[in-house]
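What follows is a single structure, written as C-alpha cells, with notes after it.
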Amino acid sequence: MTDLSRFEEFAEALEMIDDEEMRFEYIIDLGRQYERENPFPEAWKTDEHLMHGCMSKVWIVDDVDDSGCHHFRGHSDAIIVNGLVGMMTDAFSGLTGAELQTITVDHVRRLNLGALTTQRQVGMMAMLKHLQKLGRGNGAMAGTGDHDDRS
Amino acid sequence: MTMLDVAADVIQTPAQTSAPLDVAKVRAEFPILKETVYGRPLVYLDSAASAQKPRTVIEAVSRAYETSYSNVHRGAHRLSQLATDAFEDARETVARFVNAESADEIVFTRNATEALNLVAASYGRTFLTRGDEIVLTEMEHHANIVPWQLLRDEIGVVLRVVPIDDDGVLRLEALADLIGPRTRLVAITHCSNVLGTVTPLKEIVALAHGHGVPVVVDGSQGIVHAGVDVRDLDVDFYAFTGHKLYGPSGIGVLYGKRAWLERMPPYQGGGEMIDHVSFAETTFKAPPHRFEAGTPPIVQAIGLAAAVRYVSALGMEAIRAHEQALLAQATEALAGMGDVRIFGRAPGKAAIISFLVGSLHPYDVAAVLDRAGIAVRVGQHCAEPLMGRLGVDGTVRASFALYNDGTDVEALVEGIHKAKRMLGG
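Dropping the structure here:
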C-alpha cells in the first residue's frame, strides 16, 4: 500500500493554518529550513538535474534503493520555490515508480496552495509530473513509453 | 453611436503641449484598477509587459461587436461597409498618431513581433544576401534578435552587436565603428524594456543613412512613453504593439516608408492580399494590404484607434512628464534603501526600473510583492543576452504608466521592505 504518511503530515499542517498569509510564511520557513538543515550539494546543481520550464532554477535528484523506491532531493535558488520543492520531494519520497503514478492533481490540491497564486499551483503540478517522469524513467513503469517533457 | 461617429477625432501631434495629467481622473477611467488582489488594492506596475485598458477602448471594442461587426473589404452589405470604414479609419488614426505620410504606410499585424518578422522575412530575403551585415544592440528584446537569427540561418547574413556601457547607455561610437561596407540594416530598440534606456534615434538614423543603411526600430516601449514622429526621426520601419499602448491584444503595427513597402514582396499568402489569382500566377495588392493576408484583426484595430485617441487627448508630453515624475520618485526611494541595485541609469530613460534587492532571489521578491497586491514582472524579460551582459539571471521590473501615482511608488517601497523582512534580506 502506498505510504503517503509524510504527505499527510504536510497536508494536515497546511490545513491547520487558515490564514493565507501564514501559509505563505510557512512555505518560506520550510524553504529556509531545508536550506539550513539539508543543504543541497553544489555538485548536484548540474544541467542533468535541472528541471526545465521554471521561473527559478530547480534541481531534482532521484536515488532509487534496492526495493525500487525513489528518494528525491530537490533545491531551488528561490526560497519560496525551495520550500515547495522540499515539501514535494519529501512528501513523495519512498514510493515506487508505480506508486508515484497514482499521485494525482487532487493530492496537490489538498495541500491548498492554489490560493497562494495560480502560478505556484501550476508549478506544483509541473513538479509532480517531473517526479512521475523520474519514476517512469527508472524502469518502474517500463513499457508505457510515456515520457512527458512538458513539465 | 456607430463606429463612424467615433472616428472623427483629431490626433494630437507629439509637438503639441497639453495640461498636466489629472491622475485621479485617469485612474477612474480604468475599471480594472478598482479590483483587489488577495483582498488588497491592485498596484499595477507591469505595464511594460501589457498595459491596462481605459473604458473608452473597452467600449469601442464592445460597440464594434454590438453595432457594426462584419468582415472587411469584401462584403456587399451595409455592415461590411461600416466595418471596413472603421478598420481603415483606424489605419488613418494610427498614421496621424505617428505622423506617417500616408495611411498606406501602416501595416496591421498581430503584434510588434510579427511586424519585425515581416521586415526580416520580406525585406531581408529581398535585399540581403550571404555576408551582408545587420547591426543590433545588446539590449534588444528577443523579438528583435530571433527573426534576424532565423534570417542568418537561412541566407547567411552576419549579426553585429553594439554594446552598452554600465549605465545602460548605447555606445554610439561602437555603433559607428560597426557600420561597414557590408552593413545592410540597423535593427534597434527605441526603448529598452529592461533598462528603460531611450536610444538617440535621430542620431542613429543619420549615421546609418550616411552609409546608405536603412533602420528598423522596435518601438514596443518607445511609443508608449513619448510621442513618435516617424518622419522627423526619418526611420525606415517602426514596429509597435497595441496592447502596451492601452489598446487590445492581437494588434500590432508596422510603419514602413512607402518606397520600401512598394518594393517588398508579400510576407504571407492568402485572401485579402491578392489582386488576381489563377493556378498559373497570382498578382498582389499594393501596400499595406499586400502584407495583410487573411481576415485582419478588425475589432482590435478599432480598439487600438480608440486607445490612440485616448492617449492623444491626454497628450503624450503630459504622459511623459507624469511618468518621469514617478520614475524620479521611485528611483530616489529605491536607491535610498541602500541594498537595492538598479539596472539602467541612462539619462532620459523611460519609467522602467529593473532591480535586485540585496541577495534575495527576484522571484521571491516578486512573490511577496504579489501577495501585497503589487504586480511586477520578474525574470529575464525576453532579453537573455542583456541579462548575460548585466551578469544576472534575472531582475524584478517595475514599470510605470499614465495611471500610476505616488501611492503606487510608496506601495512598492513598502512591499520591498516587507520582502526583506519576510525573506531575511
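Residue numbers (numbering that gives the first Met the number 0), protein chains in the order written: chain A, 0 to 150; chain B, 0 to 424. For every residue, glycine included, the Cβ atom is placed at its ideal position computed from N, Cα and C. Given the structure is predicted, the values throughout are model-derived calculations rather than measurements.
Query                                                                                                                                                         : Result
Along chain A, which residues have their Cβ under 9 Å away from the Cβ of R340/B?                                                                             : Within 9 Å Cβ-Cβ: nothing; R340/B doesn't reach chain A, min ~17 Å.
In chain order, what residues of the stretch 58–72 of chain A put their CB closer than 8 Å to some CB of chain B?                                             : none
Quick one: is M54/A near chain B, going by C-beta distance under 8 Å?                                                                                         : yes
What does the alpha-carbon distance come out to for the pair L411/B and R31/A?                                                                                : 24 Å
Along the chain, where does the alpha helix (DSSP H) that runs through R54/B open and close?                                                                  : R54 to T66
Are the CB atoms of D233/B and V252/B nearer to each other than 8 Å?                                                                                          : no
What residue does the alpha helix (DSSP H) around G209/B start on, and which one ends it?                                                                     : L200 to G209
Closer than 7 Å by beta-carbon distance: list the chain B residues that pair up with V80/A, in chain order.                                                   : Y362
For a test of the three-state rule: what should DSSP assign to A119/B, helix, strand or coil?                                                                 : helix
Would you mind working out which of D89/A, R72/A and Q131/A sits nearest A97/A, comparing C-alpha positions?                                                  : Q131/A
Residues of the stretch 24–55 of chain A with a CB closer than 8 Å to any CB of chain B: list them in chain order, please.                                    : E24, I27, R31, M54 and S55
Could you give the residue range of the alpha helix (DSSP H) that holds E331/B?                                                                               : M315 to A334
Using the C-alpha atoms, what's the distance from I250/B back to G423/B?                                                                                      : 43 Å
Using C-beta distances below 7 Å, list every residue in its chain close to G142/A, excluding the 5 sequence neighbours before and after it, in chain order.   : Summary for G142/A: the model assigns pLDDT 31, below 50, so the residue's position carries little reliability, and this model does not support an answer.
Can you tell me the Cα-Cα spacing of I16/A and F91/A, whole angstroms?                                                                                        : 22 Å
Using the Cβ count rule (16 or more neighbours within 10 Å means buried), how would you classify N192/B?                                                      : buried
Are the stretch 131–139 of chain B and the stretch 155–162 of chain B in contact at 8 Å, needing three or more beta carbon pairs?                             : yes
Within 8 Å, do at least three Cβ pairs link the stretch 275–290 of chain B to the stretch 258–266 of chain B?                                                 : yes
Quick one: does Y37/B have its CB under 8 Å from some CB of chain A?                                                                                          : yes
Taking 8 Å as the threshold (C-beta atoms), are V391/B and V377/B in contact?                                                                                 : no
Can you give the Cα-Cα distance for A324/B and A345/B, rounded to whole angstroms?                                                                            : 16 Å
Output yes or no for whether 8 Å exceeds the beta carbon distance between R22/A and D89/A.                                                                    : no
Rounding to the nearest angstrom, what Cα-Cα distance links D105/A and E34/B in this structure?                                                               : 30 Å
Return the residue from the list E24/A, R72/A and L13/A that minimises the CA-CA distance to V63/A.                                                           : R72/A
Please list the partners that A77/A has in chain B, where partner means a Cβ-to-Cβ separation under 7 Å.                                                      : H360, Y362 and D363
How would you call T101/A, buried or exposed, if buried means at least 16 neighbouring beta carbons within 10 angstroms?                                      : exposed
According to the Cβ coordinates, are A300/B and I352/B closer than 8 Å?                                                                                       : no
Taking only beta-carbon positions, decide if V366/B is within less than 8 Å of chain A.                                                                       : Note that residue 366/B corresponds to Ala in the displayed sequence, not to Val. Judged by the 8 Å Cβ criterion, A366/B is in contact with chain A.
If you drop the 5 nearest sequence neighbours on each side, which residues of the same chain put their C-beta closer than 6 Å to that of S46/B?               : S398 and A400
Would you call the stretch 67–83 of chain A and the stretch 355–362 of chain B in contact, with 3 or more CB pairs under 8 Å?                                 : yes
Can you tell which of D61/A, V84/A, H48/A and L13/A has the C-alpha that lies nearest to the C-alpha of R135/A?                                               : D61/A
Using a cut-off of 8 Å between C-beta atoms, extract the partners of G378/B located in chain A.                                                               : M54
Kindly list, in the order they appear in chain A, the residues whose Cβ is closer than 7 Å to that of M421/B.                                                 : E24 and I27
Over what stretch of residues does the beta strand (DSSP E) that includes L355/B continue unbroken?                                                           : I351 to V356
Take Y254/B and list the residues in its own chain whose beta-carbon comes closer than 7 Å to its own, dropping the five residues that flank it on each side. : V97, A99, E104, I105, V229, F236 and Y237
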